[in-house]
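Trainee: Would you mind keeping the following structure in view while I ask a few things?
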Amino acid sequence: MKLFFPENLERYAHQHSSAPSPLLDRIERETMNNMPDAQMLTGRVEGTFLQMLVRISGARDALEIGTYTGYSALMIAEALPEDGTLVTCEVSKQHAQIAQGYFHDSPHGRKIGLIVGPALESLNSLGSESCDFVFIDADKPRYPLYYEESLRLLRAGGIICADNVFWSGKVLDPEDEDSRGIAVFNDRVRDDDRVCKVMLSVRDGIYLIQKR
Ligand SMILES: C[S@@+](CC[C@H](N)C(=O)[O-])C[C@H]1O[C@@H](n2cnc3c(N)ncnc32)[C@H](O)[C@@H]1O
75 MKLFFPENLE
85 RYAHQHSSAP
95 SPLLDRIERE
105 TMNNMPDAQM
115 LTGRVEGTFL
125 QMLVRISGAR
135 DALEIGTYTG
145 YSALMIAEAL
155 PEDGTLVTCE
165 VSKQHAQIAQ
175 GYFHDSPHGR
185 KIGLIVGPAL
195 ESLNSLGSES
205 CDFVFIDADK
215 PRYPLYYEES
225 LRLLRAGGII
235 CADNVFWSGK
245 VLDPEDEDSR
255 GIAVFNDRVR
265 DDDRVCKVML
275 SVRDGIYLIQ
285 KR
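Under my numbering, think of the first position of the sequence shown as 75, with each following residue one higher.
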């Protein structure tokens, strides 16, 4: 697992956060054992933070951009009310197939609709002002585009949570396409009066944004 803080502090935060459900632990364990890019999985601290946001905000309809093996999707789905919905978008058929298997094994899986394909195309098919909570966690160069789409899809007062906004510190001196995508996104959000926002140093940086 990639570390963003000294290992002892990461462990300390982990130990002082609620334990995820057994299925979430299984997803994390199997992803670590079987997947080449396992550090992409959000993990206990950030995942539980997402759950808290969903519960505190009272979100009913959620959207995720970037499913991977389904960890954060199931975190969000567990926190949604019984009539809640989550649309999660994933371009990789392999990732989608793995995630779908876990959704089948969860009583909260029936809340989740997985759309396979490039996320921008998938988002296009969704109605404006149809969701309360968006988690952006896919390809970094498209973050500015995902942001605009998310604002279109959110109801007033809805929340965007964007992951990896520090990109391991590379946003300070963005030289590659991923870093530049995130840096453009971060600056755009900062300068955008349509939202209020706070950048949090949780894990690899989370931008918490509320549509006015
Ligand atoms: C960081 S991982 C998501 C991790 C997941 N949210 C979690 O915490 O378990 C990013 C995912 O976005 C997917 N992805 C990359 N580009 C995409 C695109 N254009 N449309 C949809 N998904 C994309 C990748 O295949 C990968 O599974």
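Using N, Cα and C, we set each Cβ at its ideal position, and we do this for glycine too.
The model shown is predicted, which means the values in this text are computed figures rather than measured ones.
Under 8 Å, do V239 and Y281 count as touching if we go by C-beta distance?
Mentor: A contact, by the Cβ cut-off of 8 Å.
Trainee: For A230, does the three-state DSSP call read helix, strand or coil?
Mentor: Looking at A230 - three-state DSSP - the assignment turns out to be strand.
Trainee: Would you kindly work out how many angstroms separate the C-alpha atoms of V272 and P94, rounded to a whole number?
Mentor: Between V272 and P94, the C-alpha separation is close to 26 Å.
Trainee: Given that a residue counts as buried once 16 or more other Cβ atoms are within 10 Å of its Cβ, and exposed if not, what is L274?
Mentor: Counting Cβ neighbours within 10 Å, L274 comes out exposed, since fewer than 16 surround it.
Trainee: Between which two residues does the beta strand (DSSP E) holding Q284 run?
Mentor: Taken as a continuous stretch (DSSP letters only), the beta strand (DSSP E) holding Q284 covers I280 to K285.
Trainee: From this set, E156, V165, L194 and E152, which residue's C-alpha is nearest Y176's C-alpha?
Mentor: Looking at the Cα atoms, E152 is the closest of the given residues.
Trainee: Considering Cα atoms alone, identify which of D278, M114, S253 and L97 is closest to G140.
Mentor: G140 has its Cα closest to that of M114, out of D278, M114, S253 and L97.
Trainee: From this set, I283, V276, Q284 and T159, which residue's C-alpha is nearest S91's C-alpha?
Mentor: Measuring from the Cα of S91, the nearest candidate turns out to be V276.
Trainee: Kindly give me the distance between the Cβ atoms of A133 and F207, rounded to whole angstroms, as I take these residues to be in contact under 8 Å.
Mentor: Yes, they are in contact, since the Cβ atoms of A133 and F207 sit about 4 Å apart, within 8 Å.
Trainee: According to DSSP, is V239 helix, strand or coil?
Mentor: V239 falls in the coil class under three-state DSSP.
Trainee: What does the alpha-carbon distance come out to for the pair G187 and E223?
Mentor: If I take the Cα positions, the gap works out to 18 Å.
Trainee: Could you tell me if the beta carbon of C235 falls within a distance shorter than 7 Å of some heavy atom in ligand 1?
Mentor: It does not: the Cβ of C235 is nowhere closer than 7 Å to a heavy atom of ligand 1.
Trainee: Who are V161's beta bridge partners in DSSP?
Mentor: Its beta-bridge partners are L137 and G187.
Trainee: Run through DSSP, which three-state label would V208 get?
Mentor: Strand.
Trainee: For R264, I'd like the list of residues in its chain whose CB is within less than 8 Å of its CB, leaving aside the five on either flank, ordered along the chain.
Mentor: If we look at R264 and ignore the five residues flanking it on each side, its Cβ neighbours are K271.
Trainee: To the nearest angstrom, how far is it from the Cα of K167 to the Cα of L219?
Mentor: So the alpha carbons of these two residues sit roughly 22 Å apart.
Trainee: Across which residues does DSSP place K271 in a beta bridge pair?
Mentor: In the DSSP output, where bridge partners are listed per residue, K271 has I283.
Trainee: Relative to ligand 1, is the shortest distance from any of its heavy atoms to the C-beta of T116 smaller than 7 Å?
Mentor: Answer for T116: yes, Cβ within range of ligand 1.
Trainee: Note down, in chain order, each residue of its chain lying with its Cβ closer than 7 Å to the Cβ of V269, except the 5 sequence neighbours on either side.
Mentor: V263, I283, Q284, K285 and R286.
Trainee: Tell me whether the beta-carbon of T116 lies closer than 8 Å to the beta-carbon of Y86.
Mentor: No. Outside cutoff.
Trainee: Identify whether L154 lies in helix, strand or coil by the three-state DSSP scheme.
Mentor: L154 falls in the coil class under three-state DSSP.
Trainee: With the cut-off set at 8 Å, would you say D237 and D278 are in Cβ contact?
Mentor: The answer is yes: Cβ separation under 8 Å.
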